[in-house]
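Below: the structure, in structure tokens.
There are 2 protein chains.
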Amino acid sequence: MIDFTFQNPTRIHFGKTALSHLGEEVRRYGNRILLVYGGGSIKRIGLYDEVMALLKQENAQVWELGGIQPNPRLSPVRRGIELCRQNQVQLVLAVGGGSVIDTAKAIANGACYDGDVWDLFTGKGSNTEVLPLGTIVTIPAAGSEMSNSSVITREEDQCKCGRNTPLNFPAFSILNPEYTCSLPPYQTACGIVDIMAHMMERYFTQVENVELTDRMIEGALRTMLNNAPIVFEKPDDYDARAEIMWTGCLAHNTLLQTGRVGDWASHKMEHELSALYDIAHGAGLAIVFPAWMKYVLPRGGAKKLAQFARRVFEVPEAFGSEEAIAAEGIARLEAFYHSIGLTTTLHENSIGDQDFDRMAQRAVALAGGNLGFFLRLKAEDVKAIYQLAL
Amino acid sequence: MIDFTFQNPTRIHFGKTALSHLGEEVRRYGNRILLVYGGGSIKRIGLYDEVMALLKQENAQVWELGGIQPNPRLSPVRRGIELCRQNQVQLVLAVGGGSVIDTAKAIANGACYDGDVWDLFTGKGSNTEVLPLGTIVTIPAAGSEMSNSSVITREEDQCKCGRNTPLNFPAFSILNPEYTCSLPPYQTACGIVDIMAHMMERYFTQVENVELTDRMIEGALRTMLNNAPIVFEKPDDYDARAEIMWTGCLAHNTLLQTGRVGDWASHKMEHELSALYDIAHGAGLAIVFPAWMKYVLPRGGAKKLAQFARRVFEVPEAFGSEEAIAAEGIARLEAFYHSIGLTTTLHENSIGDQDFDRMAQRAVALAGGNLGFFLRLKAEDVKAIYQLAL
Numbered sequence: 084m085i086d087f088t089f090q091n092p093t094r095i096h097f098g099k100t101a102l103s104h105l106g107e108e109v110r111r112y113g114n115r116i117l118l119v120y121g122g123g124s125i126k127r128i129g130l131y132d133e134v135m136a137l138l139k140q141e142n143a144q145v146w147e148l149g150g151i152q153p154n155p156r157l158s159p160v161r162r163g164i165e166l167c168r169q170n171q172v173q174l175v176l177a178v179g180g181g182s183v184i185d186t187a188k189a190i191a192n193g194a195c196y197d198g199d200v201w202d203l204f205t206g207k208g209s210n211t212e213v214l215p216l217g218t219i220v221t222i223p224a225a226g227s228e229m230s231n232s233s234v235i236t237r238e239e240d241q242c243k244c245g246r247n248t249p250l251n252f253p254a255f256s257i258l259n260p261e262y263t264c265s266l267p268p269y270q271t272a273c274g275i276v277d278i279m280a281h282m283m284e285r286y287f288t289q290v291e292n293v294e295l296t297d298r299m300i301e302g303a304l305r306t307m308l309n310n311a312p313i314v315f316e317k318p319d320d321y322d323a324r325a326e327i328m329w330t331g332c333l334a335h336n337t338l339l340q341t342g343r344v345g346d347w348a349s350h351k352m353e354h355e356l357s358a359l360y361d362i363a364h365g366a367g368l369a370i371v372f373p374a375w376m377k378y379v380l381p382r383g384g385a386k387k388l389a390q391f392a393r394r395v396f397e398v399p400e401a402f403g404s405e406e407a408i409a410a411e412g413i414a415r416l417e418a419f420y421h422s423i424g425l426t427t428t429l430h431e432n433s434i435g436d437q438d439f440d441r442m443a444q445r446a447v448a449l450a451g452g453n454l455g456f457f458l459r460l461k462a463e464d465v466k467a468i469y470q471l472a473l
Numbered sequence: 084m085i086d087f088t089f090q091n092p093t094r095i096h097f098g099k100t101a102l103s104h105l106g107e108e109v110r111r112y113g114n115r116i117l118l119v120y121g122g123g124s125i126k127r128i129g130l131y132d133e134v135m136a137l138l139k140q141e142n143a144q145v146w147e148l149g150g151i152q153p154n155p156r157l158s159p160v161r162r163g164i165e166l167c168r169q170n171q172v173q174l175v176l177a178v179g180g181g182s183v184i185d186t187a188k189a190i191a192n193g194a195c196y197d198g199d200v201w202d203l204f205t206g207k208g209s210n211t212e213v214l215p216l217g218t219i220v221t222i223p224a225a226g227s228e229m230s231n232s233s234v235i236t237r238e239e240d241q242c243k244c245g246r247n248t249p250l251n252f253p254a255f256s257i258l259n260p261e262y263t264c265s266l267p268p269y270q271t272a273c274g275i276v277d278i279m280a281h282m283m284e285r286y287f288t289q290v291e292n293v294e295l296t297d298r299m300i301e302g303a304l305r306t307m308l309n310n311a312p313i314v315f316e317k318p319d320d321y322d323a324r325a326e327i328m329w330t331g332c333l334a335h336n337t338l339l340q341t342g343r344v345g346d347w348a349s350h351k352m353e354h355e356l357s358a359l360y361d362i363a364h365g366a367g368l369a370i371v372f373p374a375w376m377k378y379v380l381p382r383g384g385a386k387k388l389a390q391f392a393r394r395v396f397e398v399p400e401a402f403g404s405e406e407a408i409a410a411e412g413i414a415r416l417e418a419f420y421h422s423i424g425l426t427t428t429l430h431e432n433s434i435g436d437q438d439f440d441r442m443a444q445r446a447v448a449l450a451g452g453n454l455g456f457f458l459r460l461k462a463e464d465v466k467a468i469y470q471l472a473l
């Protein structure tokens, strides 16, 4: 275990009655509100009307920034910052999934920074203040509702850039699993993959003696494996939706990272993929993660992959060597992805090898020359992993 | 899963370099400091001198309240409150284990309450402000360093009373596992039992569909079972001490309680025991908890106890019925307690049945007539459990 500082101040309201806390939160932070949301889904499920009615009760003035797309872009962030500045907004309220929340985080930071908000993502600039951010979550996936991270893509060069800072922790987040019952199966599946990936990125570390967090991750991954089939069978199963939603939150809130260094190569390789092809992040991870596992297995990864196989997928000793047990774990992970309707190869998504060099080089360059921590990857390694994913 | 609000704002500095954060914390909260500590151990391990040297660098004015005993009493709390008021203390700094931290919590609350501090424990009074509290932990056990609870005994009637409030969360806590390497085996063992009990109290619930927290608790309990033998074999094993210390913190920080209702009957039955006989809290729990399990097993507890037996102690199906598997789990828990040098019966501690009626009645009265949640206990049930513990 390595030394760490851990703090996560986000207040979580979870459950069927979670939204009833919105009023008290608005009274705490102020009622000049920028409402950030995505497409029409929050209107379709009636959540938009519910939120607006509650805000009206607080005599709130609300400015709206709707239409946020998946793989969120920089332009709406700039528009949101302008709205905050022009109207002395006191609270940014994100209603939606990770893209909406990440956009809102960038706005909440950028509104308190005099320069160009993109500087905060490149490290060229920094801020110490941030507008309070509240979130109402409709898609369990990114875990952004209790995380310190925000990922935004700059349109002109398709550069997808993340920023981790304690300033990104929302002040409060409202999670009602009922909002997720009407998610289409594909989006549900992509969310499940993303949640599990957040934990697997942390699980695969070279830091030794991390038994507590290893075991908590294993337990949380098993919870995902057990509840995923239920929501495809019965989409409005509240209990299974609740397990997935709370796991999604804890998967990325930095608790499961304490005392260890995560890998994150797969996420960054996927960022290149989705920046270029606009594939859903979770769908991309279902392709990249198993390929990454196959690449690291014979390069020092067998022991940890075998632990993963045994404890998460109950691969029995009868499979033989560490390598064989590890390989069976990867196969079972792929089978799980297939079972929830996802593909695990690039060619099934009509993606060829034409951009591998460019993607590999940029992924490694953005990581400062070495990508990942479990195995340090150079551009040629990254390219080989993309090839394994073909 | 039931609806919940979760927030834990305590900032944790963990590891060999954790104490290096003390200066920045003092600069954040103020350098008029009440230092609360216990017997001589923090002087013996050199920690007292280290802390005083760091506080001197911050030009701190320090008032001292030493000599806090296990099962902390009300009188020193009153003395601490007086010191805070007389000297405009800005930060209460607890250096020690749960008793020291619980005392410091009561002081930090009482200093901001005009009436008698005991009113806060009985519910007769309430406060909304609290002095900032920092802790430097030397005993992993109570988990008070990241918890919302504080337990104090009033001397005149041996009434041991707990209070849970978000005001009790420390502002920061410093955890260096090295400080715990010199703990005597008995104290190490009592701490391990207490940590595990904090998780088992939450584990045994009637709330259904709590898979994530169930599995996280199971993983954390297994971590304790695996690392306990190491520290008795090799007391200065940093890695095992670190696993125990971080587990002790998470065991009681309310995360593992999200979406569920804990039982807490065993803790409250133990409080009666240690209030009357001054037995160490952990030693008392090692006696009470297995007796409680044996009592609830045939009264609707078999299913959850069997899950506990299978997942935490790997009891195989070959044991037969749910009841037999559950019973074997209890036997293995008792065997574990014995393996770390503790007893599991009252008579081994020279305690007879003379006070059972009084203890049972008070435990149930303090709980408002029904003790526990997994099984609701009346005074006659509590007495029967004490009898099972003879």
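Residue numbers (the numbering used here), protein chains in the order written: chain A, 84 to 473; chain B, 84 to 473. Using N, Cα and C, we set each Cβ at its ideal position, and we do this for glycine too.
Tell me, to the nearest whole angstrom, how far the beta carbon of S230 (chain A) is from that of N336 (chain A); I am working on the premise that it is less than 8 angstroms. With a beta-carbon spacing of about 6 angstroms, S230 (chain A) and N336 (chain A) fall inside the 8 angstroms limit used to define contacts.
Give the C-beta separation of P215 (chain A) and S182 (chain A) to the nearest angstrom, bearing in mind that I take them to be a contact with Cβ-Cβ under 8 angstroms. With a Cβ gap of about 20 angstroms, P215 (chain A) and S182 (chain A) do not count as contacting.
What does DSSP give as the partner residue(s) for N32 (chain B) in the beta ladder? Outside the shown range of chain B (84 to 473) lies residue 32 (chain B), about which nothing can therefore be said.
Does F402 (chain A) come out as helix, strand or coil in the three-state DSSP assignment? Note: F402 (chain A) maps to helix in three-state DSSP.
Please name the residues in the segment 310-326 of chain A whose beta-carbon is closer than 9 angstroms to at least one beta-carbon of chain B, in chain order. N310, Y321, D322, A323, A325 and E326
So which of A:F419, A:M84 and A:L157 has the shortest CA-CA distance to R305 (chain A)? A:F419
Pair within 8 angstroms by beta-carbon distance, E301 (chain A) and E326 (chain B): no
What are the residues in the segment 284-298 of chain A lying within 9 angstroms of chain E by C-beta distance? Although the question refers to chain E, the structure presented lacks it and instead comprises the protein chains A and B.
How about D322 (chain B) and M84 (chain A): are their beta carbons less than 8 angstroms apart? yes
Would DSSP call Q90 (chain B) helix, strand or coil? strand
Just the C-alpha distance for L176 (chain A) and Y120 (chain A), rounded to the nearest angstrom, thanks. 9 angstroms
To which residues does DSSP link C242 (chain A) through a beta bridge? Per DSSP, A:R237.
Are the beta-carbon atoms belonging to D86 (chain B) and A187 (chain A) less than 8 angstroms from one another? no
Are three or more beta carbon pairs between the segment 159-177 of chain A and the segment 103-123 of chain A nearer than 8 angstroms? yes
For the segment 393-458 of chain A, list the beta strand (DSSP E) runs that are entirely contained and at least 3 residues long, ordered along the chain. none
Is it a yes or a no for the segment 353-363 of chain B touching the segment 127-134 of chain B, going by three-plus beta-carbon pairs under 8 angstroms? no
Within 10 angstroms of its Cβ, does E291 (chain B) collect 16 or more other Cβ (buried), or is it exposed? exposed
With 8 angstroms set as the bound, which would you pick, yes or no: does the beta-carbon of K461 (chain A) sit closer than that to a beta-carbon of chain B? no
Please give the ranges of any alpha helix (DSSP H) in the segment 333-404 of chain A, keeping only runs that are unbroken, at least 4 residues long and fully inside the region. 348-360, 364-379 and 385-396
Would you say K386 (chain A) reaches chain B, if we count a Cβ-Cβ gap shorter than 8 angstroms as a contact? Taking Cβ atoms only, chain B never reaches closer than 8 angstroms to K386 (chain A), which makes this a no.
Indicate whether at least one CB of chain A lies closer than 8 angstroms to the CB of M84 (chain B). yes
Apart from the five residues just before and just after F287 (chain B), which ones in its own chain have a Cβ nearer than 7 angstroms to its Cβ? D346, K387 and F457
Same chain only: Cβ atoms within 6 angstroms of C273 (chain A), ignoring 5 sequence neighbours per side: Excluding positions up to five away in sequence, the list reads A363, G365 and A366.
Between G149 (chain A) and the rest of its own chain, which residues show a CB-CB distance below 6 angstroms, the 5 nearest in sequence each way excluded? Y120
Go ahead and label T211 (chain A) buried or exposed: buried means 16 or more other beta carbons lie within 10 angstroms of its beta carbon, across all protein chains shown. Within 10 angstroms of the beta-carbon of T211 (chain A) lie fewer than 16 other beta-carbons, which makes it exposed.
Inside the segment 245-318 of chain B only - beta strand (DSSP E) runs reaching at least 3 residues: With a minimum length of 3 residues, the continuous beta strand (DSSP E) runs that stay inside the segment 245-318 of chain B are 255-258.
Quick one: any contact between the segment 189-201 of chain A and the segment 153-163 of chain A, if contact means 3 or more CB pairs under 8 angstroms? yes
On the DSSP bridge list, what partners appear for R156 (chain B)? B:T236, per the DSSP bridge assignment.
For T218 (chain B), the first and last residue of its enclosing beta strand (DSSP E): Per DSSP, T218 (chain B) is one residue of the beta strand (DSSP E) stretching across L216 to V220.
Does DSSP put A177 (chain B) in a helix, in a strand, or in coil? strand
Neighbourhood of A439 (chain B) by C-beta distance below 6 angstroms, restricted to the same chain and skipping five residues each side: Reading the sequence as shown, one finds Phe at residue 439 (chain B) and not Ala. These residues qualify, in order along the chain: K466 and Y469.
Give me the DSSP bridge partner(s) of V119 (chain B). B:L148 and B:A177
G274 (chain B) CB to nearest chain A CB: under 8 angstroms? no
Beta-carbon proximity of H281 (chain A) to A334 (chain A), cut-off 8 angstroms: yes
Going by the beta-carbon positions, is the gap between T427 (chain B) and P253 (chain B) smaller than 8 angstroms? no
Can you say whether G206 (chain A) is buried or exposed, counting buried as having 16 or more other CB atoms within 10 angstroms of its CB? Classification of G206 (chain A): exposed, given that the 10 Å Cβ count is below 16.
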